[in-house]
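Going letter by letter, the sequence shown gives residues 3 to 240 in our numbering.
Note that the Cβ used here is the ideal one computed from N, Cα and C, for glycine as well.
Because the structure is a prediction, the values reported are computed rather than measured.
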Amino acid sequence: MTALADPDFAGPISRRGVLIALLAGAAALPFGRIAHAAGLIPGIGPGGIGVLLDHASDSALDKLGLPGAFYGDASVRIAAPLAGGGGAGGMLGGIMSAGSKLGLTEGLTHKLNQAAGFAALQAKPVFHTAISRLSISDAPGIVGKSDGATQYLRASSGTELQRKLRPMIDDALGRVGAFTMLESNPQLAALIGAGREKLGASVTDQALNGIFRYIASEERRLRANPMGPAGSVLKGMF
3 MTALADPDFA GPISRRGVLI ALLAGAAALP FGRIAHAAGL IPGIGPGGIG
53 VLLDHASDSA LDKLGLPGAF YGDASVRIAA PLAGGGGAGG MLGGIMSAGS
103 KLGLTEGLTH KLNQAAGFAA LQAKPVFHTA ISRLSISDAP GIVGKSDGAT
153 QYLRASSGTE LQRKLRPMID DALGRVGAFT MLESNPQLAA LIGAGREKLG
203 ASVTDQALNG IFRYIASEER RLRANPMGPA GSVLKGMF
């Protein structure tokens, strides 16, 4: 009883109890609110993590939606899937030089990247919805990494985002003429070894990888300087 009445003893227990209670109920609370309540993201107010991810995803999608953005950045460039994985299979693959393969697929590759850019421009609401549904379950992991929030978004909502991005990609592939190009050129079709289904799935996977890469970059930028130009949207949360 004496120990519990000691202010030096009761204080730490009280703080520790509050922290445990916060983390225990984290999964049921909105992502940004619990992070702020526990003091996990210094300086960012209620809903800050959600705002951080909303801004990072918007910025990433704006950049990737610019003409030529996907193709112009080798780190996110969409590649045409080749039969057999890394190269063309069968007799055609055996007799074609690397240069011939590149010449045959280059036009299609440009269209695939163009389609990914069109889909990126339409994807903001999908990402906003996924972000709004996030709830914390790994606070230390989110705070301790410069792209922790992006990693958490991908782990929590990656499958949903892929499912919702796919129709946008398929529509864009049709609009840019990628499906028509593939289906009207027997040599190209044999080299790719893919119909609409496989092509759409491949472009969706690659586009989503590129989007998350850019979101992570934007998150790192905002964390590093939340009061700077890139983080201006967060100024009112301090």
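### Task
Confirm, please, whether the CB-CB distance from SER148 to ARG225 is below 7 Å.
yes
### Query
If GLY212 and VAL78 are in contact, beta carbons under 8 Å, what's the gap, nearest whole angstrom?
3 Å
### Task
Determine the closest residue to SER158 out of GLY179, ASP172, ILE133, with distance taken between C-alpha atoms.
ILE133
### Task
Report the three-state DSSP secondary structure of SER137 (helix, strand or coil).
strand
### Query
What do you reckon, are the CB atoms on ALA118 and ALA218 nearer than 7 Å?
no
### Cβ-based neighbour list, PRO83, same chain, cut-off 8 Å, excluding 5 preceding and 5 following
ILE194, GLY195, ALA196, LYS200, LEU201, SER204
### Message
Can you list, in chain order, the residues of its chain with a C-beta nearer than 8 Å to that of PRO44? Leave out the 5 residues immediately preceding and following it.
### Response
The predicted position of PRO44 is uncertain, since its pLDDT is 41 and thus under 50; no value can be drawn from it.
### Message
For HIS130 and GLN164, what's the separation of their Cα atoms in angstroms?
### Response
14 Å
### Query
From GLN116 to LYS65, what does the alpha carbon distance come to, in whole angstroms?
13 Å
### Query
Considering only residues of the same chain and omitting the five flanking positions on each side of LEU123, which have a CB-CB separation below 6 Å?
GLY67
### Message
Between GLY146, LYS166, GLU108, PRO69, which has its C-alpha nearest ARG222's C-alpha?
### Response
GLY146
### Message
Taking the alpha helix (DSSP H) that PRO169 belongs to, which residues open and close that run?
### Response
150-178
### Whole-angstrom distance between ALA174 and THR182, CA atom to CA atom
12 Å
#### Entry: Span separating the alpha-carbon of GLY70 from that of ILE51
30 Å
### Task
Spatial neighbours of THR1 within its chain, please: CB distance less than 6 Å, with the 5 preceding and 5 following residues excluded, ordered by chain position.
Residue 1 lies beyond the range of the chain shown here (3 to 240); nothing can be said about it.
### Query
Ordered along the chain, which non-local residues of its own chain (more than five positions away) have a Cβ less than 7 Å from that of ALA151?
ILE51, LEU54, LEU55, ILE144, GLU221
#### Entry: Cβ shell of GLY121 (< 7 Å), same chain only, five flanking positions each side left out
The sequence shown places Ala at residue 121, not Gly. Here the set comprises LEU167, MET170, ILE171, ALA174, ALA209.
### Task
Determine the closest residue to GLU162 out of GLY176, LEU136, ARG177, with distance taken between C-alpha atoms.
LEU136
### Query
Is LEU210 helix, strand or coil when you go by DSSP?
helix
### Query
Rounded C-beta distance between ALA180 and LEU114? I'm assuming under 8 Å.
6 Å
### Task
Determine the direct distance from the alpha carbon of LEU184 to that of LEU63, and round the result to whole angstroms.
27 Å
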